[in-house]
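Following: one structure in structure tokens, then a few remarks.
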Amino acid sequence: MIGRTGRLVAAGVAIVVVFLTWAFPVLWTAVTSLKFAKDIFAYPPKLFFEPTGLNYDGVLGGRQTLVNDLVSSTVISLGATVLSVAAAIPMAYVFARCHLRFKNALALYTLFTYMIPRIGLVIPFFVVFRKLGLTGTYSGLTLVYLSFSLPFAVWLLVPYFEDLPREMEEAGLLDRAGRWRTLWYVILPQVRGGIAITAIFVFITAWNEFLFGVVLSGSEVRPITVAMYNFIGVEQTLWGPLTAGAIVAMIPVIVLGLGAQRGIVRGLTAGSIKGGSRT
Amino acid sequence: MTRRGSISLVGIKKTYGRFTAIRDLHLDIEPGEFFAFVGPSGSGKTTSLRVIAGLEPVDAGRVLIGDADVTAAPPGDRDIAMVFQNYALYPHMTVAQNIAFPLRMVKTPAEEIAARVRQAAERVQMGHLLDRRPGQLSGGQQQRVALARAIVREPTVFLLDEPLSNLDAQLRLDTRVALKKLQLDLGVTAVYVTHDQEEAFTLADRMAIFMNGEVVQVGAPQELFERPDDVRVAAFLGRPPMNLVPGRLDPDGLHIDGWDAGPLAVPDAGPLAAGTGSSAAAGSREVTVGFRPRDLKLGGTGARAEVYLAEVMGEHSIVNVQCGSHVLKALTADTSPRRVGAEVRLHLDPAAIHLFDPETGRRLDAPAASIEAVGVSS
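Going down the list, the sequences are from chains A and B.
Those letters in the first sequence? Residues 29 to 307, by this note's numbering.
Those letters in the second sequence? Residues 12 to 389, by this note's numbering.
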């Protein structure tokens with residue numbers, strides 16, 4: 029039999045392995061972003077080197093600045109987040125509550141749109157967007173991100189609505205609030221956690237999106253992921269600016285994750301306690 | 012004539028897929044009445060309440076509240092308030108905000124809201140806890156907030172869906188009294204769903220007994236207790252429930268299965284026995300014989316039986332006796348211990364006998380008082 033200590037050691041080892049697997053690429057990126065070009069390619073890799081902020085100066089100011097692309101990414105991701113959450117709330121509510129003909133078929137269809145391999149959609153989207161003049165525009169990229177973030181948001185939100193006691197809504201209806209005001213005053217405040225977690229997931233997914241961005245963006249409106257890709261050239265890869273850009277691009281996501289951590293934890297556990305506030 | 016606060020259900024039918032929740036419900040509730048829907052789980056009583064509330068669309072029939080046909084009206088337009096079994100308070104709002112909610116939804120001026128919220132809260136002794144949230148209240152306090160939220164808008168009809176079932180026993184007794192008092196003070200019509208007959212007895216002016224989606228009998232609680240129209244009502248009401256044993260009505264009187272003291276003479280057995288009994292013989296029919304445990308007396312020189320088990324409970328005891336193949340219950344004030352297997356004699360007050368048709372379960376309408384005992388050997 030393995031004792032308590034044994035199990036603790038095993039758990040510790042597992043945690044370290046998992047952490048290193050996750051953290052190594054991030055740490056490597058962070059370290060590389062602080063190196064001069066000559067140190068990046070040094071072999072064997074240098075553990076101790078002279079750090080520099082040059083790469084960051086480059087991506088935040090110089091000729092290769094990524095600031096515009098950060099703005100683009102922010103606008104597109106926020107747009108996709110706000111629109112998909114706003115549309116997903118009533119959709120998820122209906123899926124969770126209303127008796128509807130073809131509800132299962134619709135629900136399945138919603139999921140189905142999420143299952144299509146995205147690469148298969150890139151060319152059709154490109155053709156359509158060219159015709160409509162949507163390539164390289166904020167609205168175009170927001171729209172294309174919506175096409176996969178909306179079903180995702182609906183599927184995330186449905187369980188939160190399902191877990192609310194039905195009587196709560198019925199009380200709202202009897203209190204003369206009607207459907208919409210019941211949704212607004214009674215239901216939404218109670219699924220705040222779920223909405224927050226959905227918004228964060230949608231934002232992060234949109235922020236990290238690359239495939240559609242690289243095909244459908246232009247030189248003016250270009251997500252940060254695509255901009256970084258331009259550091260990888262045919263003749264050489266600018267590892268310094270690339271890694272600095274990657275770290276910069278990570279910061280909003282990390283900040284968002286930390287800031288909303290409490291909400292995320294609450295949102296994840298909210299569904300497990302039915303009517304937990306009452307006993 | 013306006014009948015503010017009256018409720019009429021006319022031919023209500025409600026099905027869920029193949030399951031029929033309400034068959035064909037006709038019911039009239041008077042203004043200001045405290046009316047209880049009583050019945051076992053799944054009998055359709057809660058569904059009927061929800062039909063009145065407008066929370067369940069009906070498949071057929073009409074719902075009238077006051078003079079208005081509200082069959083198609085949304086819940087908010089019916090001038091009703093409801094207290095849910097789990098109270099359904101809004102957990103993100105304070106007590107004051109919860110009570111104020113129905114007023115806010117109809118754009119009541121802020122000062123008026125404040126005054127009426129305070130008034131309603133004080134009515135249920137919650138005036139000092141207005142700033143708490145539901146999660147910080149006990150079950151009884153939450154229940155009172157739900158009541159305050161219902162009374163604050165001064166509805167004409169008050170619907171209560173087992174409002175006491177989540178409270179502990181002592182609190183339930185206290186709240187029961189407070190609830191009845193509140194209803195009397197406000198003069199509103201109250202429809203109250205419960206599976207607890209004791210609650211129905213103490214609270215209700217009248218009650219309807221629901222069984223399998225049908226109302227089997229309507230009337231004042233005591234009336235239903237004294238004169239059940241249906242064997243299911245007889246079996247449902249009363250603690251302990253009525254003894255029901257098979258018997259046969261012959262020209263010479265009533266034979267109760269296992270009762271060895273001879274037939275009980277029923278003077279007008281003729282017309283009764285001429286009914287559509289299962290017995291082929293003319294003037295004879297099978298019946299179900301019912302009598303309350305309080306009417307089955309122990310002692311004397313009546314029918315022979317033996318003690319099956321005696322349950323002594325303080326003020327009285329329930330003596331289960333084996334009589335033939337049936338175990339009967341007798342309720343007696345005699346709390347002296349009884350040995351299992353001891354012989355006892357049973358005496359039955361014949362005026363207390365109820366007869367039911369064994370097939371339809373309906374009451375066989377012999378005036379109970381005219382049945383006289385001759386067969387009790389003495």
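From the three backbone atoms N, C-alpha and C, an ideal C-beta is built for every residue, glycine too.
Predicted model, so just to flag it, every value in this text is computed and none were measured.
Applying a beta-carbon distance threshold of less than 8 Å, which residues of chain A neighbour glycine 87 (chain B)? Leu201, Leu202, Asp203, Arg204, Ala205 and Gly206
Nonlocal neighbours in the same chain, by C-beta distance under 8 Å from alanine 189 (chain B), ignoring five residues either side: Val135
Tell me the start and end of each unbroken alpha helix (DSSP H) in the region 142-216 of chain A that is at least 4 residues and wholly inside, in chain order. 147-160, 166-190, 194-202 and 206-209
Can you tell me whether asparagine 132 (chain A) is buried or exposed, with buried defined as 16 or more other CB within 10 angstroms of its CB? exposed
Give the DSSP-derived three-state secondary structure of valine 232 (chain B) in the structure shown. It should be pointed out that residue 232 (chain B) corresponds to proline in this sequence rather than to valine. Here proline 232 (chain B) sits in helix by DSSP.
Cα separation between serine 149 (chain B) and histidine 103 (chain B)? 16 Å
Can you give me the Cβ contacts of glycine 281 (chain B) inside the same chain, cut-off strictly under 6 Å, excluding the 5 residues immediately before and after it? Because glycine 281 (chain B) sits at a pLDDT of 49, beneath the cut-off of 50, its placement in the model cannot be relied upon, and the point is left open.
Look at the alpha carbon of valine 256 (chain B) and the alpha carbon of leucine 140 (chain B), and state the distance between them as a whole number of angstroms. 55 Å
I'd like to confirm the pairing. Which residues does DSSP put opposite phenylalanine 45 (chain B) in its beta bridges? B:Ala201
Label threonine 205 (chain B) either buried or exposed according to how many other C-beta atoms from any shown protein chain fall within 10 Å of its C-beta, with 16 as the threshold for buried. buried
Using a Cβ cut-off of 8 Å (strictly closer), state whether arginine 209 (chain A) contacts chain B. yes
Minimum C-alpha distance to tyrosine 101 (chain B) - residue among B:Gly249, B:Glu370, B:Gln153 and B:Leu193: B:Gln153
Using three-state DSSP, classify leucine 307 (chain B) as helix, strand or coil. strand
Quick check for students: name the residue ranges of the alpha helix (DSSP H) that lie wholly in the region 39-103 of chain A, counting only runs of 4 or more. 65-68 and 82-88
By Cβ distance below 6 Å, which residues in the same chain neighbour aspartate 261 (chain B) in space, the five residues on each side in sequence not counted? Ser295
Can you give me the C-alpha to C-alpha distance between glutamate 28 (chain A) and arginine 125 (chain A), rounded to a whole angstrom? Any answer about residue 28 (chain A) is impossible in this case: the structure gives chain A only from 29 up to 307.
Residue environment, aspartate 376 (chain B), which counts as buried when at least 16 other CB atoms sit within 10 Å: exposed
Rounded to the nearest angstrom, how far is the Cβ of leucine 66 (chain B) from that of leucine 38 (chain B), given a contact under 8 Å? Leucine 66 (chain B) to leucine 38 (chain B), Cβ: 17 Å. No contact.
Let me know if histidine 127 (chain A) comes out buried or exposed under the rule of 16 or more other beta-carbons within 10 Å of its beta-carbon. exposed
At a CB distance below 7 Å, what residues from the region 106-129 of chain B approach chain A? Give them in sequence order. Phe112, Pro113, Met116 and Val117
Have a look at glycine 273 (chain B) and alanine 157 (chain B) and give me their C-alpha separation to the nearest angstrom. 58 Å
Phenylalanine 240 (chain A) - containing beta strand (DSSP E), residue span: Segment 239-244 is the alpha helix (DSSP H) holding phenylalanine 240 (chain A); no beta strand (DSSP E) there.
How many Å lie between leucine 82 (chain A) and proline 73 (chain A) at the Cα? 19 Å
Near isoleucine 162 (chain B), which residues of its chain fall below 6 Å by C-beta distance, leaving aside the five closest residues on each side in sequence? Ala131
At what residues does the beta strand (DSSP E) containing phenylalanine 1 (chain B) begin and finish? The shown model of chain B, from 12 to 389, leaves out residue 1 (chain B), and the question about it has no answer.
First and last residue of the uninterrupted beta strand (DSSP E) at tyrosine 257 (chain A): No beta strand (DSSP E) contains tyrosine 257 (chain A), which is instead part of the alpha helix (DSSP H) from 252-257.
Quick one: using the 10 Å Cβ neighbour count with 16 as the cut-off for buried, is proline 145 (chain B) buried or exposed? buried
So is phenylalanine 69 (chain A) buried or exposed if we call it buried at 16+ other beta carbons inside 10 Å? exposed
Give me whichever residues DSSP pairs with glutamine 333 (chain B) in a beta bridge. B:Glu317 and B:Val338
Which of the three DSSP states is assigned to alanine 384 (chain B) in this structure? Low local confidence applies: a pLDDT of 37 at alanine 384 (chain B) is under 50, so the model's placement there is unreliable, and no value is given.
Run through DSSP, which three-state label would asparagine 254 (chain B) get? strand
Using only CA atoms, which one of B:Val300, B:Arg61 and B:Val323 lies nearest to aspartate 172 (chain B)? B:Arg61
Quick one: grab the DSSP three-state call for tyrosine 101 (chain B). coil
Residues that serine 19 (chain B) bridges to, as DSSP identifies them: B:Asp39 and B:Leu75
Which value, in whole angstroms, describes the spacing of the CA atoms of alanine 155 (chain B) and alanine 92 (chain B)? Rather than alanine, the amino acid found at residue 155 (chain B) in this sequence is arginine. Taking the straight line from one Cα to the other gives about 14 Å.
Provide the residue(s) that pair with alanine 92 (chain B) in DSSP beta bridges, ordered along the chain. B:Phe169
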